[in-house]
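Colleague:
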Amino acid sequence: MSDPPAGSEPGAALVALATVTAALENSEDRPGQFEMARLVEQSIATGKHLVVQAGTGTGKTLAYLVPAITGGKRVVVATATKALQDQLAEKDLPFLAEHLGVDFSWAILKGRSNYVCLQRLREVSAEGEGQLELESMAVVTKAEIQKIALWAAKSPTGDQAELDWSPSDNAWRSVSVGSDECPGADKCPLGDPCFAEQARRKAAAADVIVVNTYLYGLNVAADGAVLPDHDVVVFDEAHTLEDTMSNTVGVEISPGRFTALSGVVRKIIDDPSITGGISDVGPSLRDVLEPELGKRLPTPLPDDLQEVLTDARLTLGDANNTLVAIDTSNEDAKQRKLRAQTMVGRTIEYLDVAIEGKAGYVAFVSGSRDSPRLEIQPLDVGPTLKEGVWTKRTAILTSATIPTSLASRVGMEFGGKKVEVADVGSPFDYEANSILYNAIHLPNPNDPGFRAKANDELEALINAAGGRTLALFTSYRAMDEAAEEMKSRLDFPILTQRDLPKPALVKTFADSEETCLFATAGLFQGVDVPGRTLSLVVIDRIPFPRPDDPLLSARRDLLGPAAFSEIDIPRASMMLAQACGRLIRTADDKGVVAVMDPRLGKARYRWDIVKALPPMKRTRHRAEVETFLRSLRE
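Read left to right, the sequence shown gives residues 1 to 634 (this note's numbering).
Now the structure itself:
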C-alpha cells in the first residue's frame, strides 16, 4: 500500500470520506457516517477497541473501510452474510479503488470447500481407478463433474460462486475438500496451482481481506494459521459474533460425518470390515442422540453415548493404523491416503474432546430427528477471543443493531481496559415517517385467546395498508395459522416462507404492492424492500430466545439472577430491532411497525427493549395507525 498523502494526520479519513461520498450517485449528507469514520480512525490510531451501532442508511462499510485504508493498516473484514461479502467485493471496494486516491489491494477469502480441488478433480476424472469411480456415479453427477472440469480449466478462481449454474451437492462434494480433509499444499502435488491456495496467497499480499465470520472463527481456533497477520479486524454484523464463535471454537459430531468419513477411507482402503465399521458408527450415534434432541447433556456424557463414542474412537484408531501401513508410489493413491488420514485424525480429536468432558464447555444435542448432532461449545467465548483477537490487534465491531451486553459477553473488557461504545444513529427521520404501534389491549401471547384476537388485529391493519405487509412470527406454527386465517378473510395475495426460496420469495413480494409476506425469524434480517411495496411490518410477539435452548440455559445457570438482563433482554431487543429495520430502508420510506405482544407496553423491562428500537413515534391506538396507513396509499 502506498502512503496516503496525509494518512497519519488526525482527520485525514474524514477528508478522504468526503471525497469518495461526493462521487456517489445521489450523494446525501450523513453525519453518522462521518462520526463513525472519526471513531474508527481514532480507534485504529490509539489501539482502543470500538463497538459502534450504525443504523440503516448510515453507510457503515465506507465509514470503516476509508479510515482503515488511509491509515495504512492491513484490515480483515469479517461478515456474517454472503450478501454483505458480495457487496464489499463487487461494489464498495472497487468504488474505493476508483475514487479514494490511495493505492491498495483487496482479496476475498473463503473456506476450502468453496473451491474446486484440482487433485480431487484429477482423481475422479482420470483413467484407471478414477475412471471406475466416475463410472459408478449417477449419470447426472458424472455429467456435472465433466461440466465442472471444463469450467475449472478456464476459471481464474475455481470459486463455486462464480458458476452460472448450480451443481448438485453430490457433484460438488466429489470435486472439493473441506479443511478437515485437505492435507495441505506442501503435501499435495497440485498445491501450487490449487485454487484455495491461490486465494490464500492473494489474501496474504492484500491490504483488505474479506472473509466470513465463521472462517475468522476457524482462524482463532487454529491460533492464526488460517489468515494472514493483520493490524485491524472489523466484525460487521457483529450481533452474530458470540454465536458464530461458539460454533467455530466448539466441536460438532454428527452421524453424517462417519458416513462421509467412510467414503473417504474407502477410496484408499478396500476392506469392508474397516469402512463398514466406520459407517456403522453413524446409525449407532443417531440412535443414542435422537432421544436427547434439544437437550443439554451432563458431564461426563451418558453411558450409552460414551460407549458409542469410545467404540468410534477405537474403530478410527484401527483405521488410522491401517492407513499408516499403506506404502504406495502412486501419487493419486498417496493423496487419497493423506486426505483419509487428515479427516480420521481430526475426527479422533473431536471424539477425544467429547469423551474427556472439557471444563467450561456444555454438551447438547441439536439438529433434527433424522440428523441429530452432538455439539460441545464453550459457555464463555470471552477468554478465547481475548487470547486470539483482543490482545493481538485493534477490533471494530459494528452492526445496525448491537446488543447492549455484547462487549462484556465477548470478553472485550479486561484488565481495567474499557472499550469505546457508541451509537451514531441513522440518517432517517423515523419520528416523522414511521409509527411504532403496540396492541396493548390484546391478552398476553400465552393466553389461549391471544391468537384469535391477534388475527382480528392483523386483518384490520392489512386492510388499512392495502396489503403491502411483512408479517413476522416467532414460530412456523403461528405463521401457518395466521396465513391460513388471512387467506380466508382477505383478497390480498398471501405468501409464506414455505412457498419459495428466500431470494425468489423476497423478489415476488417486492414486485407486487398488494402482496403480503408471512415469515419466521429467518427473515427478521436480510430483507431489503424499499418503497411503497412495504408499508407495514407486523411482529407477533417479543422474540425472546427459547427458555429451553440448551446452550443459553447453561449460560443462564452460570449468570444466575442476572441472566435475564444479560442474555434474554439484549437478544430479544436486538431481534426486535432487526425486524423493525425491515420497514425504513431509504429516506423516503414511510410506514408502521405493529407489535402484537402487549408486554412491550406493560412489562417492567419494556423500556430496555423500546430504547433499542429506532426512534419511531409511538402509539397504542389502532385508529391512528389505520388512518396513517390509508394516507400512504393515496
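Even for Gly, the Cβ is constructed at its ideal location relative to N, Cα and C.
Assuming VAL281 contacts ASP304 (C-beta within less than 8 Å), just tell me the rounded distance between them.
Modeller: Actually they do not touch by this definition, with Cβ atoms about 14 Å apart.
Colleague: Would you tell me roughly how many angstroms separate the C-alpha atoms of LEU96 and LEU88, rounded to the nearest one?
Modeller: 10 Å
Colleague: Are CYS182 and ARG112 touching if we call contact CB-CB under 7 Å?
Modeller: Yes.
Colleague: Could you spell out the range, first to last residue, of the beta strand (DSSP E) harbouring ASN212?
Modeller: 208-212
Colleague: Would a C-beta distance cut-off of 7 Å place LEU351 and ARG313 closer than the cut-off?
Modeller: yes
Colleague: With distances taken from CA atoms, which of ALA587, ARG585 and LYS611 is nearest ALA572?
Modeller: Minimum Cα distance to ALA572 is reached at LYS611.
Colleague: Considering only the beta carbon of each residue, do ARG266 and THR259 sit closer than 7 Å?
Modeller: Pairing ARG266 with THR259 gives a Cβ-Cβ distance that is not under 7 Å.
Colleague: Which residue's Cα is closest to the Cα of ASP568: ALA623, LEU316, ALA359 and THR404?
Modeller: THR404
Colleague: For CYS188, I'd like the list of residues in its chain whose CB is within less than 6 Å of its CB, leaving aside the five on either flank, ordered along the chain.
Modeller: GLN119
Colleague: Please return the same chain residues whose Cβ sits closer than 6 Å to the Cβ of ALA68, not counting the five positions on each side in sequence.
Modeller: VAL75 and VAL232
Colleague: State the DSSP-derived secondary structure class of GLU387, mapped to helix, strand or coil.
Modeller: Three-state result, GLU387: helix.
Colleague: Need the endpoints of the alpha helix (DSSP H) that ASN438 sits in, please.
Modeller: Segment 434-438 is the beta strand (DSSP E) holding ASN438; no alpha helix (DSSP H) there.
Colleague: For the beta strand (DSSP E) containing GLU252, name the first residue and the last one.
Modeller: From DSSP, the beta strand (DSSP E) with GLU252 extends over 251-253.
Colleague: Could you spell out the range, first to last residue, of the alpha helix (DSSP H) harbouring ALA185?
Modeller: Counting along the chain, ALA185 falls outside any alpha helix (DSSP H), and DSSP gives it neither H nor E.
Colleague: Check whether the stretch 604-619 touches the stretch 448-463, counting contact only when three or more Cβ pairs, one atom from each stretch, lie closer than 8 Å.
Modeller: no
Colleague: Is TRP106 buried or exposed, if buried means 16 or more other CB atoms sit within 10 Å of its CB?
Modeller: buried
Colleague: Out of PRO193, PHE544, PRO378 and ALA354, which has the shortest C-alpha to C-alpha gap to ASP243?
Modeller: Checked all of PRO193, PHE544, PRO378 and ALA354; the closest Cα to ASP243 is PRO378.
Colleague: For VAL308, count neighbouring Cβ atoms within 10 angstroms of its own Cβ and tell me buried if that reaches 16, exposed if not.
Modeller: buried
Colleague: Between VAL40 and ILE396, is the Cβ-Cβ spacing less than 7 Å?
Modeller: yes
Colleague: Between TRP151, GLY178 and PRO156, which lies nearest to PRO167 when the distance is taken from Cα to Cα?
Modeller: TRP151
Colleague: For a test of your reading of the model: does the CB of ALA153 fall under 6 Å from any non-hydrogen atom of the ligand GDP? Yes or no.
Modeller: Absence of the ligand GDP from the depicted structure is noted, as is the absence of any ligand whatsoever, leaving it without description.
Colleague: How many whole angstroms separate the CB atoms of ILE268 and ILE355, which I take to be in contact at a CB cut-off of 8 Å?
Modeller: The C-beta separation of ILE268 from ILE355 comes to about 26 Å, leaving the pair out of contact by the 8 Å criterion.
Colleague: State the CB to CB distance for the pair LEU148 and ALA185, rounded to an integer number of angstroms; the pair is presumed to be in contact (CB under 8 Å).
Modeller: The sequence given here places Ile at residue 148; Leu does not occur at that position. With a Cβ gap of about 21 Å, ILE148 and ALA185 do not count as contacting.
Colleague: Three or more C-beta pairs closer than 8 Å, one from the stretch 468-487 and one from the stretch 513-532: is that the case here?
Modeller: yes
Colleague: What's the call for GLN497, buried or exposed, on a 16-neighbour Cβ count within 10 Å?
Modeller: buried
Colleague: Work out the CA separation of PRO550 and LYS295 for me, nearest whole Å.
Modeller: Taking C-alpha positions only, LYS295 is separated from PRO550 by approximately 6 Å.
Colleague: By the 10 Å Cβ neighbour count, where 16 or more other Cβ atoms means buried, how is LEU24 classified, buried or exposed?
Modeller: exposed
Colleague: If we define contact as Cβ-Cβ less than 7 Å, is ARG585 a contact residue for chain D?
Modeller: Note that chain D does not occur in the displayed structure, where there is just one protein chain.
Colleague: What number of angstroms, rounded off, separates the C-alpha of GLU129 from the C-alpha of HIS99?
Modeller: With a pLDDT of 43 at GLU129, under the threshold of 50, the modelled position of this residue cannot be trusted, and the question is left open.
Colleague: In chain order, what residues of the same chain lie with their CB nearer than 8 Å to the CB of THR328, ignoring the 5 residues before and after it?
Modeller: LYS334 and LYS337
Colleague: Report yes if the CB atom of THR391 is closer than 7 Å to the CB atom of ALA54, and no otherwise.
Modeller: no
Colleague: State the start and end residues of the unbroken alpha helix (DSSP H) segment that holds ALA572.
Modeller: 569-580
Colleague: Can you tell me whether DSSP reads LEU472 as helix, strand or coil?
Modeller: strand
Colleague: If you draw a straight line from the C-alpha of LYS418 to the C-alpha of MET412, how long is it?
Modeller: 8 Å
Colleague: Can you check DSSP and say which residues form a bridge with LYS487?
Modeller: Answer is none; LYS487 lacks a bridge partner.
Colleague: Distance check for LYS487 and GLY467, CA to CA, integer angstroms please.
Modeller: 12 Å
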